Ligand SMILES: Cc1cc2nc3c(=O)[nH]c(=O)nc-3n(C[C@H](O)[C@H](O)[C@H](O)COP(=O)(O)OP(=O)(O)OC[C@H]3O[C@@H](n4cnc5c(N)ncnc54)[C@H](O)[C@@H]3O)c2cc1C
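Numbering (this note's numbering), first residue to last: 28 to 406.
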């Protein structure tokens, strides 16, 4: 990189950093923007290790950023996909119940959804479920027509393309190692490691921290006490298993159980992929360090979780597929935590925006998050 001072640096080229880069690249007057990522290209971490579901916004507490940005974000995302030919499908989702407790959970979901402005949910009885999905087992269900699936790689490639076309510079294979606040004229000096192991620095007026699993560490590099600020993230792995191809056409919609307590995850569900595969997952396992392995022995738990509503699943046919890691603000057993998207002037760090705890539904929210970042920083 030759530039030594730019208007704006974005750390992290996952779907969120890319959406922020694309959004801010349209600012007038134009700003010089650098998008830095430690990996060799965009989307090598959480953004390419998820369910690729466009969520409807029915789970999150009313008034939360997750609820608001998801409801806004899904519509923005559907429009973006249509405009730029990103593969997606508004396939709909069925949330099934097979016990009194699960029935009650669906009733709660209906009111949470309504409070979030999602009014398209339909209640289904057993016969209606059988008509939509003859191979699943459920006493009753909720149908969400505005849930869909997306090719997240194509989405990220388009966001990157749009940002670069508007003049954003991408700097892959650059690991941000240190951040200094500049006393004289304000702003930040970002130190990074080059691909050849040498180090360099670049100054900027505005800094957007979209570092995903490392966002808390990047906030700490800016001098924030992340424990006191409530920014400390917990790593929570989600593993996936695939079902054999001959089962792939048994299901047309996404099928979910009711969500887990405290929204640790949405429960092991079945998703169809745009290339016609069926996958089960994710589970939720807290980790001390990043580890993307899938334990084949967990197929037993997946089978137990799924057999109730997916009677066609057999334990020995589940194949380990991949895992993703959620940057969660809530630790094991702790209550719901919202996204943190914070402009940090009140901490004496003007021009810095931290995005912390951007777990699900972060993919759905990428464009709405980018718009929020723009309004926080540039009105
Ligand atoms: C199992 C699982 C399932 C999910 N399913 C869904 C779903 O179906 N729908 C949905 O809407 N959301 C889902 N999500 C959430 C969604 O995937 C994330 O919210 C989203 O991908 C977060 O994107 P990001 O850009 O914030 O982070 P990332 O994709 O993690 O990107 C962060 C980037 O920052 C870079 N970086 C970090 N530190 C540094 C540094 N020091 N220097 C340089 N670069 C750095 C990394 O290299 C990385 O590329 C799921 C998540 C998981 C884990």
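Glycine residues also receive a C-beta, built at the ideal position from the N, C-alpha and C atoms.
In this text, all values refer to a predicted model and were calculated from it rather than measured experimentally.
Close beta carbons around residue i, own chain, < 7 Å, minus the five adjacent residues each side
i	result
residue 334	340
residue 401	50 and 51
residue 364	356, 357 and 384
residue 247	253
residue 94	84, 87, 88 and 143
residue 137	148 and 169
residue 233	34, 35, 378 and 404
residue 346	268 and 269
residue 237	37, 38, 39, 41, 43, 44, 47 and 382
residue 119	170, 171, 172, 174 and 280
Length of the line joining the Cα atoms of residue i and residue j
i	j	result
residue 141	residue 220	48 Å
residue 315	residue 354	12 Å
residue 86	residue 75	23 Å
residue 32	residue 268	46 Å
residue 376	residue 282	44 Å
residue 63	residue 131	46 Å
residue 405	residue 80	30 Å
residue 144	residue 98	8 Å
residue 38	residue 123	40 Å
residue 299	residue 308	11 Å
residue 158	residue 394	35 Å
residue 249	residue 399	21 Å
residue 90	residue 223	47 Å
residue 371	residue 54	21 Å
residue 200	residue 66	5 Å
residue 342	residue 379	49 Å
residue 150	residue 392	26 Å
residue 272	residue 255	49 Å
residue 235	residue 226	21 Å
residue 185	residue 203	25 Å
residue 373	residue 331	49 Å
residue 362	residue 211	42 Å
residue 69	residue 139	35 Å
Close beta carbons around residue i, own chain, < 6 Å, minus the five adjacent residues each side
i	result
residue 303	275
residue 369	381
residue 428	This structure cannot speak to residue 428, because the chain is shown only from 28 to 406.
residue 28	Below a pLDDT of 50, predicted positions are generally treated as unreliable, and residue 28, at 45, falls in that range; the measurement from the model is reported next regardless. Once the five neighbours on either side are set aside, the close Cβ partners of residue 28 are 198.
residue 117	175
residue 147	172 and 173
residue 228	216 and 218
residue 111	185
Close Cβ partners of residue i (< 8 Å) along its chain, the five nearest in sequence each way excluded
i	result
residue 153	165, 166 and 167
residue 396	43, 46, 47, 96, 100, 366, 368, 382, 385 and 389
residue 230	31, 32, 33, 209, 214, 215, 216 and 217
residue 114	108, 177, 178, 181 and 301
residue 103	394, 395 and 398
Residue i: CB within 7 Å of a non-hydrogen atom of ligand 1
i	result
residue 20	Nothing about residue 20 can be reported from this structure: the residues present for the chain run from 28 to 406 only.
residue 388	yes
residue 443	There is no way to answer for residue 443, as the model of the chain reaches only from 28 to 406.
residue 391	yes
residue 72	yes
residue 218	no
residue 223	no
residue 397	no
residue 245	yes
residue 138	no
residue 173	no
residue 121	no
residue 108	no
residue 64	yes
residue 78	yes
residue 262	no
residue 43	yes
residue 202	yes
residue 238	yes
residue 114	no
residue 280	no
residue 117	no
residue 82	yes
residue 364	no
residue 385	yes
residue 306	no
residue 265	yes
Assumed close pair residue i, residue j - CB separation to whole angstroms, cut-off 8 Å
i	j	result
residue 240	residue 352	6 Å
residue 306	residue 348	6 Å
residue 160	residue 121	6 Å
residue 285	residue 129	5 Å
residue 336	residue 163	6 Å
residue 327	residue 194	That belief does not hold up - the Cβ atoms of residue 327 and residue 194 are roughly 52 Å apart, past 8 Å.
Neighbour flag for residue i against chain B, beta carbons, 8 Å
i	result
residue 310	The chain labelled as chain B is not found in the depicted structure, where only one protein chain is given.
Does the region 256-264 come within contact of the region 277-286, defined as at least 3 CB pairs closer than 8 Å? no
State whether the region 321-328 contacts the region 235-250, with contact taken as three or more CB pairs (one from each stretch) at a distance under 8 Å. no
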